[in-house]
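In terms of this note's numbering, the sequence shown opens at residue 16 and continues consecutively.
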Amino acid sequence: MRPKWFVIVAVLAMAAACGGSSSSGPQVTIRDFSFSPSTMQIKAGTTVTWTNNGPMPHTTVSDNDVWTSGTLAPPSGGGGYGGGTAGQSFPFTFNTPGSYPYHCSLHPPAQYPDFVGTITVTP
Numbered sequence: 016m017r018p019k020w021f022v023i024v025a026v027l028a029m030a031a032a033c034g035g036s037s038s039s040g041p042q043v044t045i046r047d048f049s050f051s052p053s054t055m056q057i058k059a060g061t062t063v064t065w066t067n068n069g070p071m072p073h074t075t076v077s078d079n080d081v082w083t084s085g086t087l088a089p090p091s092g093g094g095g096y097g098g099g100t101a102g103q104s105f106p107f108t109f110n111t112p113g114s115y116p117y118h119c120s121l122h123p124p125a126q127y128p129d130f131v132g133t134i135t136v137t138p
């Protein structure tokens, strides 16, 4: 009986590990000094997840001090261009309607003017 439980637990653990992202809400990809999509309109209560798929560390920081992701590590083993493990992600739930411009604090808009984005939240 014990080996049967071991197999069931092992299969469930492997399924959980291989399941990929469990986030089903809007996604923003960080890659090549850009956010994609760079603009997004969502309803209040929606969680947006940023994922670093580029070859170097990045952040997502609200221009109006609402959130900061901290440094998001790039994918490992594949240089951000396929293979290896996924880059780090940062989810944030927008509860208040408004306009939320953001940027990467490691690559500021003064030097990377296209490395910005805006989330517009509607009621």
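Note that beta-carbon positions come from the ideal geometry of N, C-alpha and C, so glycine has one too. Bear in mind that the values here come from a model prediction, so they are computed numbers and not experimental data.
Using DSSP's beta-bridge definition, name the partner residues of residue i.
{"i": "F105", "result": "W65"}
{"i": "L87", "result": "H73"}
{"i": "T100", "result": "S91"}
{"i": "F50", "result": "I45"}
{"i": "V131", "result": "H118"}
{"i": "Q56", "result": "T135"}
{"i": "G113", "result": "V136"}
Please classify residue i as buried or exposed, where buried requires at least 16 neighbouring CB atoms within 10 angstroms.
{"i": "N68", "result": "buried"}
{"i": "P90", "result": "buried"}
{"i": "G102", "result": "buried"}
{"i": "T111", "result": "exposed"}
{"i": "T66", "result": "buried"}
Hey, how far is the Cα of residue i from the Cα of residue j?
{"i": "S39", "j": "T64", "result": "9 Å"}
{"i": "G85", "j": "T75", "result": "8 Å"}
{"i": "S36", "j": "T100", "result": "Any answer about S36 is weak, because its pLDDT of 44 lies below 50 and its placement is not dependable; what the coordinates show is given next. Answer to the nearest angstrom: the Cα atoms are 12 Å apart."}
{"i": "Y127", "j": "A88", "result": "19 Å"}
{"i": "P138", "j": "W82", "result": "20 Å"}
{"i": "P72", "j": "F130", "result": "14 Å"}
{"i": "R46", "j": "P52", "result": "11 Å"}
{"i": "A59", "j": "S104", "result": "21 Å"}
{"i": "L142", "j": "P70", "result": "Examination of residue 142 is not possible in this model, given that the chain is present from 16 through 138 alone."}
Assuming residue i contacts residue j (C-beta within less than 8 Å), just tell me the rounded distance between them.
{"i": "T133", "j": "T54", "result": "5 Å"}
{"i": "H118", "j": "D80", "result": "Actually they are not in contact, since the Cβ atoms of H118 and D80 sit about 12 Å apart, beyond 8 Å."}
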